[in-house]
Amino acid sequence: MVALRGLAYAAPPGQVYAAPHALDRATSPPPSPPSGGVDVSPDSPPPIYHALSDFDFQSLNLALNQEYIELDLFHYGLARFSEQEFLDAGLAAEYRFLIEYMADQEVGHAEMITNLLYPHGAKQCKYQYPFNTVREFFDFCQKASIPLLTRWGESGVYGFLPHLDNRAPAELLLNSITTEARQQMVFRQLQGLFPMAVWFIAGIPQAWAWTLLSPYLVTCPEENPYIKWQIFPYLTVTNNPNAIRSGSKAAVSTNVSAISYPGYEVHFKWDEPGQQVSYDKKYTTTTSAGPAKYALWVSQLNATYTPLYDIDNYTASAKQPDGCVFGDNTAPIFNDTMFVALTDDNPYVTPYNLSLVNPRIVAGPAIYQAG
């Protein structure tokens with residue numbers, strides 16, 4: 024073994040070694056910041072943390088209602104199912120504590136948005152949920168953001184953040200929604216699914232998020248602000264791939280990254296417009312589109328249309344599309360929890376202006392579970 028001697032320099036007591044030009048650098052002025060940016064200079068107006076327009080208010084109002092149902096859902100699932108039912112699903116006390124902690128996170132998120140809307144924030148409503156087992160509870164959570172619920176909650180906020188008139192609340196919402204992205208991954212792990220099967224998470228317009236959320240609100244306090252976003256006729260995927268696999272247990276990761284495949288025949292049914300829906304039947308489903316012709320699949324950075332066929336009396340079919348995010352040897356576009364709507368035309372839209380397709384929507388969106 025060779026002793027590494029003479030490689031370290033010890034400065035004499037009371038002296039500090041400075042590399043050449045170090046003192047010059049220390050006294051040099053900092054570089055000028057790059058030009059551009061919004062509200063980043065010393066003379067920028069101070070941030071104001073409230074809505075500056077009706078668009079801002081209604082976006083925050085929708086987000087608050089989403090936070091409330093997530094908070095209620097976590098607590099409801101913990102209260103409804105026994106300790107043994109959780110154990111039978113492979114979930115010990117540590118997992119239940121994790122769900123309880125995520126509910127506490129929602130308390131903080133709801134309080135933050137309530138402060139942004141003060142004194143006009145909504146109050147919590149009464150809700151209904153379509154599950155009867157622990158596994159179905161996790162599946163609903165995963166698809167809503169809380170996979171099902173958390174997914175559209177997460178994507179709904181991503182969709183409107185860059186369009187807010189006031190950017191200051193957008194920063195706070197970004198701080199909360201990144202937490203919910205982690206919740207979505209946790210619920211996939213609790214289901215025994217691959218935790219993150221895509222490269223990007225799509226954003227969706229407010230009307231899409233409200234259409235997905237609206238059927239689960241039963242009654243709300245009279246003073247709650249009316250939610251102004253459109254509700255499209257409800258769309259159902261009647262043969263959605265099943266994420267609840269027999270015998271699957273909670274896992275950090277699995278080798279099951281997809282549960283459907285390109286070319287899979289997907290069957291749809293949808294409601295006619297004019298239905299009285301959501302809490303206290305205060306809302307009506309509407310559409311300005313003509314007859315359905317296309318299925319619009321929104322996943323990652325893509326909005327892809329495929330033709331409908333076997334169209335008959337509010338039912339139709341389409342094939343799950345194929346493709347990769349950036350071409351060959353990159354990630355499949357259509358995976359994870361994604362969105363599908365029916366349209367009467369196929370206008371070109373991008374992640375930033377996806378809401379421009381709204382006048383063409385016949386029904387939906389629905390959640391499609393590709394992986």
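Going from the sequence shown to our numbering is simple: count from 1 and add 23.
Glycine is no exception: its CB is placed at the ideal position from the N, C-alpha and C atoms.
Just so it is clear, the structure is predicted and the values come from calculations on it, not from any experiment.
Hey, out of the options, whose CA is closest to residue i's CA?
{"i": "C148", "options": "F349, P53, P248 and L365", "result": "P248"}
{"i": "Y91", "options": "G144, S67 and A116", "result": "G144"}
{"i": "S67", "options": "T308, R190 and Y375", "result": "R190"}
{"i": "T310", "options": "R383, R205 and T202", "result": "R383"}
{"i": "P153", "options": "L240, V180, T353 and S199", "result": "L240"}
{"i": "V260", "options": "H290, N278 and I250", "result": "H290"}
{"i": "S283", "options": "P344, V321, E246 and Y332", "result": "P344"}
{"i": "A274", "options": "V221, P330, F217 and E295", "result": "F217"}
{"i": "F160", "options": "D95, W222, S178 and K146", "result": "D95"}
{"i": "K251", "options": "K292, L110 and Y306", "result": "Y306"}
{"i": "N262", "options": "N369, A393, S378 and Y72", "result": "A393"}
{"i": "P285", "options": "K342, Q298 and F255", "result": "K342"}
{"i": "T373", "options": "L258, E246, I227 and Q206", "result": "I227"}
Using the three-state DSSP reduction, which class does residue i fall into: helix, strand or coil?
{"i": "L319", "result": "strand"}
{"i": "V180", "result": "helix"}
{"i": "H290", "result": "strand"}
{"i": "Q128", "result": "helix"}
{"i": "V157", "result": "helix"}
{"i": "V380", "result": "helix"}
{"i": "Q298", "result": "coil"}
{"i": "S306", "result": "Position check: residue 306 holds Tyr in this sequence, whereas Ser was assumed. Strand."}
{"i": "V241", "result": "strand"}
{"i": "A326", "result": "strand"}
{"i": "Y375", "result": "helix"}
{"i": "Y72", "result": "coil"}
{"i": "Y91", "result": "helix"}
Per DSSP, residue i is paired with what?
{"i": "T360", "result": "Q392"}
{"i": "A386", "result": "L365"}
{"i": "C148", "result": "C148 pairs with nothing; no bridge assigned."}
{"i": "A339", "result": "F291"}
{"i": "L258", "result": "W293"}
{"i": "L101", "result": "L101 is not bridged to any residue."}
{"i": "P355", "result": "C347"}
Buried or exposed for residue i, please, with buried defined as at least 16 other CB atoms from any protein chain shown within 10 angstroms of its CB.
{"i": "P355", "result": "buried"}
{"i": "A102", "result": "exposed"}
{"i": "D51", "result": "It is worth fixing the name first, because residue 51 is Ser in this sequence and not Asp. Classification of S51: exposed, given that the 10 Å Cβ count is below 16."}
{"i": "T353", "result": "exposed"}
{"i": "E203", "result": "buried"}
{"i": "S237", "result": "buried"}
{"i": "Q151", "result": "exposed"}
{"i": "W308", "result": "Per the sequence shown, the amino acid found at residue 308 is Thr instead of Trp. With 16 or more Cβ atoms within 10 Å of its Cβ, T308 is classed as buried."}
State the Cα-Cα distance for the pair residue i and residue j, rounded to the nearest angstrom.
{"i": "W233", "j": "G176", "result": "9 Å"}
{"i": "L114", "j": "T201", "result": "25 Å"}
{"i": "L197", "j": "L139", "result": "14 Å"}
{"i": "N412", "j": "G215", "result": "Past the edges of the chain, shown from 24 to 394, lies residue 412, and the structure says nothing about it."}
{"i": "P330", "j": "A318", "result": "6 Å"}
{"i": "Y141", "j": "M125", "result": "24 Å"}
{"i": "F193", "j": "S82", "result": "First, the amino acid is wrong: residue 193 is Ala here, not Phe. One C-alpha to the other measures close to 10 Å."}
{"i": "D77", "j": "A315", "result": "31 Å"}
{"i": "P256", "j": "W293", "result": "7 Å"}
{"i": "M219", "j": "N376", "result": "25 Å"}
Is residue i near the ligand ADP, judged by its Cβ being under 8 Å from some heavy atom?
{"i": "F183", "result": "Here there are no bound small molecules, and the ligand ADP is not part of this structure."}
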